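Chemist: Residue numbers (the numbering used here): 124 to 278.
Built from N, CA and C at the ideal position, the CB exists for glycine as well.
Only a predicted model underlies this, so the values are computations on that prediction, with no experimental measurement involved.
#1: Check each candidate in 216, 212, 227, 188 and name the one with the smallest Cα separation from residue 133.
#2: Mapping the DSSP letters down to three states, classify residue 213 as helix, strand or coil.
#3: Applying the criterion that 16 or more other CB atoms from any shown protein chain within 10 Å of the CB defines a buried residue, is residue 187 buried or exposed?
#4: Any idea if residue 228 is buried or exposed, counting beta-carbon neighbours within 10 angstroms, 16 or more meaning buried?
#5: Quick one: grab the DSSP three-state call for residue 219.
#6: Tell me which residues share the same chain as residue 235 and place their Cβ nearer than 6 Å to its Cβ, disregarding the 5 neighbours each side in the sequence.
#7: If you follow the beta strand (DSSP E) that residue 137 is in, where does it begin and where does it stop?
#8: Looking at the secondary structure, which residues open and close the beta strand (DSSP E) in which residue 178 lies?
#9: Looking only at its chain, what residues have a beta carbon closer than 7 Å to the beta carbon of residue 203, apart from the 5 residues adjacent to it on each side?
#10: CB-CB under 6 Å to residue 215, same chain, minus the five flanking residues each way: which ones, in chain order?
#11: Have a look at residue 196 and residue 128 and give me their C-alpha separation to the nearest angstrom.
Put into structure tokens, the structure is as follows:
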């Protein structure tokens, strides 16, 4: 009988956009199955010291060997500052897989102090760009000012 030492993978956590107080943020969780057999009944658990709830997500299907286990959760931070989001994964075949990411949570306004304006990172076809006014036009009443560091949508 041979003994093997298995190094557990780390869960990679990616957050879409900036984390902002009282605004939901989508997180993607993923890792690669290191075992030569499928992982069954997999569950991701995500939490943070300041987030609204502890999220548990059951995987809908088995994770095949060398396949990525991936899931998405929504977290809503309650206070600004530096935070840590942690994730754990367990299945019948594999336990104690974990990972974390440090996140800076911003107050409920963007870094340009534009309260009540939607800030979006986006790309548009060149035909939507108005060279004369340095604006990207989505419709007659929504414009994006391209002079800012981040595009700000305003009416």
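Modeler: Reading it off the structure:
#1: Checked all of 216, 212, 227, 188; the closest Cα to residue 133 is 212.
#2: In the structure shown, the three-state DSSP call for residue 213 is strand.
#3: Exposed.
#4: Per the 10 Å Cβ criterion, buried.
#5: Note: residue 219 maps to coil in three-state DSSP.
#6: Low local confidence applies: a pLDDT of 48 at residue 235 is under 50, so the model's placement there is unreliable, with the coordinate-based value given in what follows. So the list is empty, once near-sequence residues are dropped.
#7: Element bounds for residue 137: 135-138.
#8: Residues 178-181.
#9: Apart from sequence neighbours up to five positions away, the residues of its chain that approach residue 203 with a beta-carbon distance below 7 Å are 144, 228, 229, 230, ordered along the chain.
#10: These residues qualify, in order along the chain: 163, 164.
#11: For residue 196 and residue 128, the distance between alpha carbons rounds to 31 Å.
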